[in-house]
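Residue numbers (my numbering): 1051 to 1143.
Before any comments, here is the structure.
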């Protein structure tokens, strides 16, 4: 399986988890922008960058800086989700 396919599968898994939390989500497939998944629900939204591994401090900083380049309203949170040890580790930006 290619790295692209692995990443796409992980993004789909994250999207399903977010939808189970009540968000309506769109996966930004093939994008090289800051957010892989854009989510909305009544009280706000969420922009998520998905990674398939635990991030080192420098990698987390880079991912959060990419998310911060996206103009968004105050009620939209920014998060980096890492798949690690069979579960999601969420970093709120």
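All residues carry an ideal CB built from backbone N, CA and C; glycine is no exception.
- Annotation note: the stretch 1082-1138 contains the following uninterrupted alpha helix (DSSP H) runs of length 4 or greater, listed N- to C-terminal: 1107-1118.
- Within 10 angstroms of the beta-carbon of residue 1120 lie fewer than 16 other beta-carbons, which makes it exposed.
- DSSP places residue 1078 outside both helix and strand once states are collapsed to three, so it counts as coil.
- Straight-line spacing of the CA atoms in residue 1051 and residue 1077 works out to 20 Å.
- Exclusion of the five residues before and after residue 1109 leaves 1101 as the residues of its chain whose Cβ lies within less than 8 Å of its Cβ.
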